[in-house]
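**Student:**
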Amino acid sequence: MEKIKVAAIIQARRGSTRLPDKVFLELAGKPLLEHVVLRLKVSSLLDEIIIATTVSANDDFVELWANNNNIKFFRGSEENVLERYYQAAKEYNVDIIVRITADDPFKDVRLIDEAVNLLIENNLDFVCNNSPVSFPEGLDVEVMTFEALEKSYKNAVSDFDKEHVTQYIHKNKNNFNVCNIQNDKDLSSYRWTLDTFEDYEFAKKIYSELYKEGEVFLREEMFNILEEIPSIMELNNKVKRSDLYR
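Using our numbering, read the sequence shown as starting at 57 and increasing by one per residue.
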């Protein structure tokens, strides 16, 4: 029996309107994208990390960065991110896809591994932790089989579903075997993602307090520092939330 290939596919592009070129903004002397990759490398279940960027000339530098850092990459549609994921997974023969966005430098690999294990052990199509949400925004986990991704790609019609990759599955749960990881306590009021300058200020402060070269800090450490220095949360608590987290 062939080994199941599990890969994290990171959607990354330079064209961000609210926070220009955010994937290369520096945190503790490294670009945001590098921190996302470094956190994923701690996983015991990921066989591969792939950066899925766009064919836009603006993203030539993303390809260059991936090459310079020995990370696999794929270039595809700028607007149809679902197609980009599907083609990237097909190109690299991925069986199980972990969807990662490049603006989340606080991902908890333990949640990712839990979701992958759940999917494999229970023969599921899709495992997430955001339906309903109970973890901080930025700790989202979405894991799917290639078959579920292909089904979404072939059936999604709306631009919204094509842009947001997993929305077809969320809207058609009856057509998939799905599972949601629920936290014991609702922590969805925390915002740990980068979409605005205020979010960047928050991330810089957290990294200045917790980041150590060669180590990955955990969400428990983040909660501790936010308890010790509650003013950090004020840096981005007025930012408009994603619809899921309002």
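The beta carbon of each residue, even a glycine, is placed where N, CA and C say it ideally should be. Here the structure is a predicted model, which means the values were calculated and not measured.
I'd like to know if the segment 99–113 and the segment 186–202 are in contact, where contact means that at least 3 CB-CB pairs between them fall below 8 Å.
**Tutor:** The segment 99–113 is not in contact with the segment 186–202.
**Student:** So what's Leu83 in DSSP terms, helix, strand or just coil?
**Tutor:** In the structure shown, Leu83 sits in a strand (DSSP, three-state: E or B).
**Student:** With DSSP run on the structure shown, which of helix, strand or coil describes Phe129?
**Tutor:** Correct three-state label for Phe129: strand.
**Student:** Mind the definition here: the segment 156–163 touches the segment 68–80 only if three or more C-beta pairs lie below 8 Å; say whether that holds.
**Tutor:** With the cut-off at 8 Å, the segment 156–163 and the segment 68–80 touch.
**Student:** Could you give the DSSP three-state label for Val213: helix, strand or coil?
**Tutor:** In the structure shown, Val213 sits in coil (DSSP, three-state: anything other than H, G, I, E or B).
**Student:** Bridge partners for Gln143 per DSSP, in chain order?
**Tutor:** BP columns for Gln143 are empty, so no partner.
**Student:** To the nearest angstrom, report how far apart Asn27 and Gly85 are at their CA atoms.
**Tutor:** Past the edges of the chain, shown from 57 to 302, lies residue 27, and the structure says nothing about it.
**Student:** Ser244: buried (16+ other C-beta within 10 angstroms of its C-beta) or exposed?
**Tutor:** Buried, by the Cβ-count rule.
**Student:** I need the DSSP call for Asn186, collapsed to helix, strand or coil.
**Tutor:** Correct three-state label for Asn186: strand.
**Student:** Pull up the distance between the alpha-carbon of Phe216 and that of Val197, whole angstroms please.
**Tutor:** Using only the alpha carbons, I get a separation of about 19 Å.
**Student:** Quick check on the burial criterion: 16 or more other C-beta atoms within 10 angstroms. Buried or exposed for Ser287?
**Tutor:** Classification of Ser287: exposed, given that the 10 Å Cβ count is below 16.
**Student:** Identify whether Arg74 lies in helix, strand or coil by the three-state DSSP scheme.
**Tutor:** Arg74 falls in the coil class under three-state DSSP.
**Student:** Pop quiz: Leu291 and Lys261 are said to be a contact at Cβ under 8 Å. What is the actual Cβ separation, rounded to whole angstroms?
**Tutor:** Yes, they are in contact, since the Cβ atoms of Leu291 and Lys261 sit about 6 Å apart, within 8 Å.
**Student:** Between which two residues does the alpha helix (DSSP H) containing Asn280 stretch?
**Tutor:** Asn280 -> alpha helix (DSSP H) spans 275–284.
**Student:** My understanding is that Thr222 touches Arg297, with C-beta atoms under 8 Å, so please give their C-beta distance in whole angstroms.
**Tutor:** So it is not a contact: roughly 19 Å between Cβ atoms.
**Student:** Note down, in chain order, each residue of its chain lying with its Cβ closer than 8 Å to the Cβ of Ala204, except the 5 sequence neighbours on either side.
**Tutor:** Excluding residues within five positions, the ones whose Cβ falls inside 8 Å are Asp181, Phe182, Ile225, Phe232.
**Student:** Going along the chain, which residues of its own chain have a beta-carbon closer than 7 Å to the beta-carbon of Gln238, five neighbours each way excluded?
**Tutor:** Closer than 7 Å at Cβ, skipping near neighbours: Ser190.
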